[in-house]
Amino acid sequence: MNNVSNSRLISPPLSELTKKSGKPLKLAVLASGQGSNFEAIAQSIDSGQLNAQVAIVIYNNPEAQVSERAQNWQVPSLLINHRDFSRREDFDQAIVESLQRAEIDWVIMAGWMRIVTTVLLNAFTDRIINIHPSLLPSFPGIRAVEQALAAGVKITGCTVHLATLAVDSGPILIQAAVPVFPEDTPATLHARIQIQEHLILPQAIAFCSENLL
Ligand code: GRF
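In structure tokens:
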């Protein structure tokens, strides 16, 4: 099974949301690691496929390679180290203040390995997107790729959804399916999933920019 391009766009309830104008979305990317999803967003903007601007990248881990990628794209990046805060809420408050200073419209959690609190969620109600490397609701939480392999599923994938207090559980915006091969390791399977992530994350942001602001 080689056709892994079937992804479905599923709209969340629009009732509480209003249509937006054609103004580019001002995005913040929150990332803890490599930042390949940040790069996919940056490329989509650069190629004109996505009407947005990444105004800031916030990262929580001094080693995160996303900061180098942000520098390469000349996007301002800011380290807010969660280890400097004793409470999750205080960490989130520091993030919210930076996001508000940058006048951010939407927050993209692209490999953000922190549990978010109501402090962040309430400051950007229905404006926070998360990407997760499984077909939710299967395999939420950490090590989703390992969970899929351990379960023996033959198809897994990735999900872009609105963030809510419950981890990896908000309304689903878009999903892509990815086959699992018998010889897969977590690394090979994750690499195949990431190819799809890089397609559906910019698509989901574009969908939000056209429909949900
Ligand atoms: C992605 O697989 C994402 O789904 C998960 O963390 C990974 C981040 O990858 N939440 P990258 O840092 O964007 O390369």
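Here the sequence shown is numbered in the numbering used here, starting from -3 and rising by one per residue. All residues carry an ideal CB built from backbone N, CA and C; glycine is no exception.
Three-state secondary structure assigned by DSSP to Ser3: Locating residue 3 in the sequence shown gives position 7, where the first residue counts as 1. Because Ser3 carries a pLDDT of 48, less than 50, the predicted location of this residue cannot be relied on, and the following value inherits that uncertainty. Strand at Ser3.
contact_flag[the stretch 120 to 138, the stretch 60 to 80] where n(CB pairs < 8 Å) is 3 or more: no
Three-state secondary structure (DSSP) of Ser63: Here residue 63 refers to the residue found at position 67 of the sequence shown. Of the three classes helix, strand and coil, the one that applies to Ser63 here is helix, per DSSP.
Ligand 1 heavy atom lying under 7 Å from the CB of Gln171: Working through the sequence shown from its first residue, we reach residue 171 at position 175. It does not: the Cβ of Gln171 is nowhere closer than 7 Å to a heavy atom of ligand 1.
Separation of Ile91 from Gly29, as counted between CA atoms: Working through the sequence shown from its first residue, we reach residue 29 at position 33. Working through the sequence shown from its first residue, we reach residue 91 at position 95. Whole-angstrom Cα-Cα distance: 17 Å.
Gly153 versus Met109 - alpha carbon distance: In the sequence shown, the residue the question calls residue 153 occupies position 157. In the sequence shown, the residue the question calls residue 109 occupies position 113. If you take the alpha carbons of Gly153 and Met109, they lie about 19 Å apart.
Coarse secondary structure for Asn33, derived from DSSP in three states: Numbered from its first residue, the sequence shown carries residue 33 at position 37. Note: Asn33 maps to helix in three-state DSSP.
Three-state secondary structure (DSSP) of Leu13: If you number the sequence shown from 1, residue 13 lands on position 17. Note that Leu13 scores 31 on pLDDT, short of 50, meaning its location in the model is unreliable; the coordinates nonetheless yield the value given after this. If DSSP states are grouped into helix, strand and coil, Leu13 belongs with coil.
Any C-beta of chain B under 8 Å from that of Ala66: In the structure shown, chain B cannot be found, because there is only a single protein chain.
Residue environment, Asn68, which counts as buried when at least 16 other CB atoms sit within 10 Å: In the sequence shown, counting from the first residue as 1, residue 68 sits at position 72. So Asn68 ends up on the exposed side.
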